[in-house]
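Notes to accompany the following structure.
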Amino acid sequence: MKLEELSDEIAGIVGKVKDSVITVATEIRVPLLFFGYESLKGFGSGFIVGRNVAVTNAHVVRGASKVTVTFSDGYSSEAEVIVADASRDLALLAIPEYKPPIELGDSRQLRVGEIVLAVGSPLGLFEHSVTLGVVSATGRNIYTEELMLEDLIQTDAAINPGNSGGPLVNLRGEAIGVTTAIVPYAQGIGFAIPINTVKRFILMVERYGKPVKAWIGVYVAPLNPSIAGFYKLGVSRGLIVARVIPGTPASRRGLRDGDILLEANGRALARASDLREVVEESIDKGYVTLKVLRGGKVFEVDVEVLVS
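Converting from the sequence shown to our numbering requires adding 484 to each position, the first position being numbered 1.
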């Protein structure tokens, strides 16, 4: 593809998605030392994911007494925080039905090196900006004093202050992530929450009225070829059970430390997030079927899914 053709294609994608991207302005009332309050303003981004619903980061709207959204043509309206989950850094906003939702992609299909666009409102500017980059890595984790975010998309598309909560878009014009953080001590590194995580988040809120936690009672770590070769396990992919929590469904069904989880509901497991996704998707069914390797033998076991 010629450079001119790629430029035209990118411009067309931006034109397709820009109406679905919103600026999120917040006001936080802070008590003064002696009397009264002071209003502190903050800005972020978001995007429309359904009728009257937009997604943004939880930290964008944290503590806000007032939230205002501004659409691509400058129209502004107050919005209501439907739910915010700090552990996932995701929030849903109730907004007017004014512009169309963005098309949601499949973040499991992302490839390292794939071209992506970050769209948002940097520095609180109400006109959207677009930055171009590639998917640098997937499955990244961020740990801070306040939160732990797992299975993130890493990109070198510039994510400036105020872009947080905006969409990371592929060349099909689909949102494949929610931009969420910059590493302050590094150059050109940004992160996004996978859109499949967002889809499950929305589904949980629709079904249960809140974001729920689903689990079976195990801590796992990815199996790599070095460990597999050293212990002569006979497999190179899977999850090692690092710990089984006593009294949980996994414990009651006989899972042990050192077991290798090969599949969950028929899906091959390679990352801890793979198991978490399957468990969350199995809430309605009530159990997950695991294929387990132990002592050279493979067996299957159904384990109850707990919801909290």
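Don't be surprised by glycine CBs; every beta carbon is placed ideally from N, CA and C.
These numbers come from a predicted model, not from an experiment.
Burial state of residue i, where buried means 16 or more other Cβ atoms lie within 10 Å
i, result
"Ser711", "It should be noted that the sequence gives Ile, not Ser, for residue 711. Answer is exposed; the Cβ neighbour count stays below 16."
"Ile532", "buried"
"Asp743", "buried"
"Val539", "buried"
"Asn625", "exposed"
"Pro695", "buried"
"Gln593", "exposed"
"Pro730", "exposed"
"Val789", "buried"
"Ala495", "exposed"
"Val702", "buried"
"Pro733", "buried"
"Glu761", "buried"
For residue i, the first and last residue of its enclosing alpha helix (DSSP H)
i, result
"Gly674", "Per DSSP, Gly674 belongs to no alpha helix (DSSP H); it is in the beta strand (DSSP E), 674–678."
"Val498", "487–501"
"Ala756", "756–765"
"Arg778", "Looking at the DSSP string, Arg778 is not in any alpha helix (DSSP H); the run it does join, the beta strand (DSSP E), is 771–778."
"Pro709", "709–714"
"Ala734", "733–736"
Beta-carbon gap between residue i and residue j smaller than 8 Å
i, j, result
"Val603", "Val505", "yes"
"Asn541", "Ser613", "no"
"Val776", "Val785", "yes"
"Ser549", "Ile512", "yes"
"Asp503", "Pro584", "yes"
"Val704", "Ala726", "yes"
"Val619", "Val653", "no"
"Val501", "Pro651", "yes"
"Met606", "Gly558", "The question names Met, but residue 606 is Pro in the sequence shown. Their beta carbons are not under 8 Å apart, which means Pro606 does not touch Gly558 by this criterion."
"Glu493", "Leu616", "no"
"Leu588", "Ile700", "no"
"Ala752", "Leu774", "no"
"Ser591", "Gly661", "yes"
"Gln638", "Ala621", "yes"
"Ile530", "Val553", "Per the sequence shown, residue 530 should be read as Gly rather than Ile. Going by C-beta atoms, Gly530 is nearer than 8 Å to Val553."
"Ala578", "Ile566", "yes"
"Gly674", "Ala642", "yes"
Pick from the options that is closest to residue i, judged by C-alpha positions
i, options, result
"Leu636", "Ala642, Gly623, Ser792", "Gly623"
"Arg546", "Trp699, Ser556, Arg572, Gly701", "Arg572"
"Gly718", "Thr615, Lys486, Lys781, Leu588", "Lys781"
"Leu524", "Gly646, Gly661, Thr510", "Thr510"
"Phe527", "Asp640, Gly661, Asn708, Val508", "Val508"
"Ala568", "Val762, Leu517, His543", "His543"
"Val787", "Val763, Gly779, Leu574", "Val763"
"Val682", "Val537, Ala621, Thr552, Arg721", "Val537"
"Tyr582", "Asp590, Glu562, Arg684", "Glu562"
"Leu739", "Gln638, Gly779, Ser720, Gly496", "Gly779"
"Leu759", "Ala734, Gly770, Leu723, Arg736", "Leu723"
"Glu598", "Asp640, Lys716, Glu564", "Asp640"
"Leu576", "Arg736, Phe685, Lys697", "Phe685"
"Leu633", "Ser757, Phe518, Arg736", "Ser757"
"Leu707", "Tyr521, Ala495, Ser720, Arg736", "Ser720"
"Ala570", "Pro709, Phe519, Asp741, Thr664", "Thr664"
N-terminal and C-terminal residue of the beta strand (DSSP E) that residue i is part of
i, result
"Phe531", "521–534"
"Pro695", "No beta strand (DSSP E) contains Pro695, which DSSP labels as neither H nor E."
"Ile637", "632–639"
"Ile506", "505–515"
"Pro706", "702–706"
"Asp786", "781–788"
"Leu655", "No beta strand (DSSP E) contains Leu655, which DSSP labels as neither H nor E."
"Ala642", "Careful: Ala642 lies outside any beta strand (DSSP E) and carries neither H nor E."
"Arg727", "723–728"
"Leu745", "744–748"
task: Any chance you could list the beta strand (DSSP E) runs of at least 3 consecutive residues sitting entirely within the region 536–611, in chain order?
output: Qualifying beta strand (DSSP E) stretches, in chain order: 537–540, 550–554, 560–569, 574–578, 599–604.
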